[in-house]
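Notes follow once the structure below has been shown.
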Amino acid sequence: MNQVTKFDGTHEDLIHDVAFNYYGNRLATCSSDQKIKIWDYNETDGVWETNFSIK
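As numbered in our numbering, the sequence shown has no gaps in its residue numbers, which increase by one up to the final residue, 50.
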């Protein structure tokens, strides 16, 4: 199933890569702001929420 969801990356610079887990409910982003963020999909609200961030 393909689905388009609005995503506010909240990174301070360009996002270079996005990787999803097998189930499509968690993703990782890396950016020029030198941060890696882990996101979980909140099915109730239909939004991606930051779960973890590291610099």
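Quick reminder that beta carbons are idealized off the backbone N, C-alpha and C, glycines included.
In the DSSP assignment, what are the bridge partners of residue i?
| i | result |
| --- | --- |
| Asn37 | Val42 |
| Val13 | Thr24 |
So for residue i, helix, strand or coil by DSSP?
| i | result |
| --- | --- |
| Lys30 | coil |
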